[in-house]
Structures are given as C-alpha cells and as structure tokens.
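This report concerns only the one structure given below.
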Amino acid sequence: MSTPSEIRVKDWSQLMAVLTDDKWQPSCGKYRANVVYRGLSNARYDLHTSLFRLRDRASGEVEQHLLRNFRKYAHRDTSPGDWDWNWLSVGQHHGLPTRLLDWTFSPYVALHFATSNVQHFDQDAAVWCVDYVATHNLLPAPLYDEIAALGGGLFTTEMLNKAAKSLDEFDKYRDPHGRGLLVFFEPPSLDDRIVNQSAVFSAISHPTACLSDWLLDHRDLYRKIVIPADQKWIVRNYLDQANVTERVLFPGLDGLSQWLLRYYGNRPTMHPQAPGAPGPN
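Its first residue numbered 366, the sequence shown is counted upward by one per residue in our numbering.
Next comes the structure, spelled out in structure tokens:
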C-alpha cells in the first residue's frame, strides 16, 4: 500500500511521472529538481552503509583505523587533496568500508542499479529520492554557512573541509535532539565512472548511523518509490534501449563484460506486458 513517503507504482508511465514530479519537494526548486536518487534491487533493503555492516566492531575508532591505513598504503597520488573528505571519497569509490552512501543526480542511473541484478528479479525494487536542499536547511553554522554562501545546493569536499577538517570535527555536529546531521556532497571527478554516474555521496555525523532511520524522522524530505517485481524487466528493457547500461556507467573492459554477461545471459521469465527483452539474435 502506498503512503505519502512510499509510493508503489504500477507501470513505466507512472514510474516516470513520480520520479520527475517535484511538487512534493519542501525546497520548491524553481528551475530543477533538488533531488538525489539511490536505486536498490530489493525494496526491503535499508540504507545501510558498508561501515554500518561492520556493526559488530564498527565505531569511530574502527573507521579511523580503516581510513588511516588506506591513506598509508595507497599510492601517494591516489587522492586529489590530502584531507579526510577526499580520502573518504576515494576509499568509497574503491570499496573501502565507509560511512558514505552512493547517490546520483540521475533517476535513470538509479533505475539501473535497481534493475541490473537479474538474480533479484523476483523481488520488488526501490528508488529512494531525497531533497538535499531541504536537508541542508537543517544544518547549523558553520556547515550551513558554507552551503548558503553559494546559494544552496551540494557541498564539495573543499567546502566540507572548511567546516570540518576531520571526521572527529564533523561528528561534533548534532541536531537539537542530539542526533547526527546529514550532508550530501559531490566527490572529486576521480574517473569517468564518477562522472558518468552523476555521482553524489551522503554522510551522517555519526559513523554507524543508518540513513533509513534518519529519514523516518524526516518524512517530508524523501520519497521511496517501489517498483513491483513484474515490472522490473520492462524497466530494464527501456534502460537498455536508452543506453543506460554497465558499458556506459562503468567505462572500461569490466563494465563492458558486465553488460554483455547480463544482456546475453540467462534472463528471468518475461512479464506478458514487456515490450521485448534484449538478447541474442
């Protein structure tokens, strides 16, 4: 059953209408949607970070050990700037457990990640949508001062570094109830993958916080759009026709191989309404 913050769509047309509807946004963007998107192949998945999944050991101390050793053993030219926010971005990009979550400006990229895993085609998928401008309006100074000086929008790693030069400093920021605060920032353009995916990262000022829990306390800031399992192949087919594929989003031979494996591999039983699935001719 759909709720104001969770909407279960019926077909591709409704999915597109809901994803591009900006009337729900509390920030009321005039020229473009102030929204970032995250696609999940299973709608039951929470917004857990890779650091959260280490929760038996995860703490600020473990996070610092991970980041310190990553910096120590990485090539000296790995990070575009020698501060925590850049190193955290590089680590997230290469699979280091971090407090960050991946988001995108593009609803189509989010839909790709919601439908790229054919092993989950028997499960409903979801796309989370968050109003980042309204989220940042909750921030205290000096975090808010950094973003307000540029008229709102997203942080950069340089801006975050000015307001909090370390994760310890960042974690001192709390809301009036003592809970962590949420920021969204654009990572450095580390490679074509970051650029092609229109990548955005989120971070909460608590190392093991779960973003799903945070959003439940701020229901006006987000939407969760649920895609029924019987619609996933239809969505996947439209994305392939629009060239929103692994070959584009993961430039290089690895992405090409992933695309070919999915495109020509075993596929789930097609829903009768599907306009035709790709495959060998």
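All C-beta atoms in this analysis are idealised placements derived from N, C-alpha and C, irrespective of residue type, glycine included.
- Message: Looking only at its chain, what residues have a beta carbon closer than 8 angstroms to the beta carbon of ALA719, apart from the 5 residues adjacent to it on each side?
- Response: Any answer about residue 719 is impossible in this case: the structure gives the chain only from 366 up to 646.
- Query: Using DSSP with H/G/I as helix, E/B as strand and the rest coil, what is GLY620?
  - Reply: It is helical.
- Message: Quick check on this structure: which residue in ALA398, ASP557 and GLN484 has the alpha carbon closest to the alpha carbon of PRO472?
- Response: Per the Cα distances, ALA398.
- Check THR385 in the structure and name its three-state DSSP category. It is helical.
- Item | Proximity below 7 angstroms, CB of THR521 to CB of PHE417 | Taking 7 angstroms as the Cβ cut-off, THR521 and PHE417 do not qualify as a contacting pair.
- Task: Taking GLY499 as part of the beta strand (DSSP E), name the residues at either end of that continuous run.
- Result: Per the sequence presented here, residue 499 reads as Ala, with Gly not at that position. Looking at the DSSP string, ALA499 is not in any beta strand (DSSP E); the run it does join, the alpha helix (DSSP H), is 497-501.
- Message: Below 8 angstroms on the Cβ atoms is my contact criterion, and I expect LEU576 with LEU453 to pass it. Report the Cβ-Cβ distance as a whole number of Å.
- Response: The Cβ separation is near 16 angstroms, so there is no contact.
- Message: With a threshold of 6 angstroms on Cβ separation, who are the neighbours of TRP450 within its own chain once the five nearest residues in sequence on each side are excluded?
- Response: These residues qualify, in order along the chain: THR522, LEU525 and ASN526.
- Is the stretch 490-504 touching the stretch 374-394, taking contact as three or more C-beta pairs under 8 angstroms? Yes: at least three Cβ pairs fall under 8 angstroms.
- Pick from PHE615, SER481 and THR469: whose alpha carbon is nearest that of TYR628? Nearest Cα to TYR628 within the set PHE615, SER481 and THR469: SER481.
- How big is the Cα-Cα spacing for PHE430 and PRO462? Per the sequence presented here, residue 430 reads as His, with Phe not at that position. Distance between the alpha carbons of HIS430 and PRO462 is about 11 angstroms.
- Message: Within 10 Å of its beta-carbon, does GLU426 have 16 or more other beta-carbons around it, so buried, or fewer, so exposed?
- Response: With fewer than 16 Cβ atoms within 10 Å of its Cβ, GLU426 is classed as exposed.
- Reducing DSSP to helix, strand and coil, say where ASP536 ends up. In the structure shown, ASP536 falls within a coil segment according to DSSP collapsed to helix, strand and coil.
- Any idea which residues DSSP pairs THR480 with across the strands? Looking at the DSSP assignment, THR480 forms no beta bridge with any residue, so it has no partner.
- Message: Going by beta-carbon coordinates alone, are THR500 and LEU586 separated by less than 7 angstroms?
- Response: Closer than 7 angstroms, so yes.
- Message: Which same chain residues end up closer than 7 angstroms to SER378 when comparing Cβ atoms and leaving out the 5 residues on each side of it in sequence?
- Response: Cβ-Cβ distances below 7 angstroms link SER378 to nothing in the same chain once the five nearest sequence neighbours on each side are left out.
- Taking the C-alpha atoms as reference points, what is the distance between VAL455 and ASP540? Between the alpha carbons of VAL455 and ASP540 lies a distance of about 28 angstroms.
- Cα-Cα separation, GLY620 to TYR402: The alpha-carbon atoms of GLY620 and TYR402 are separated by roughly 21 angstroms.
- Query: Does the beta-carbon of ALA528 have 16 or more other beta-carbons within 10 angstroms, so that it is buried, or is it exposed?
  - Reply: Result: buried.
- Message: By alpha-carbon positions, which one of GLN390, VAL498 and LEU626 ends up nearest to VAL548?
- Response: Ranking GLN390, VAL498 and LEU626 by Cα distance to VAL548 puts VAL498 first.
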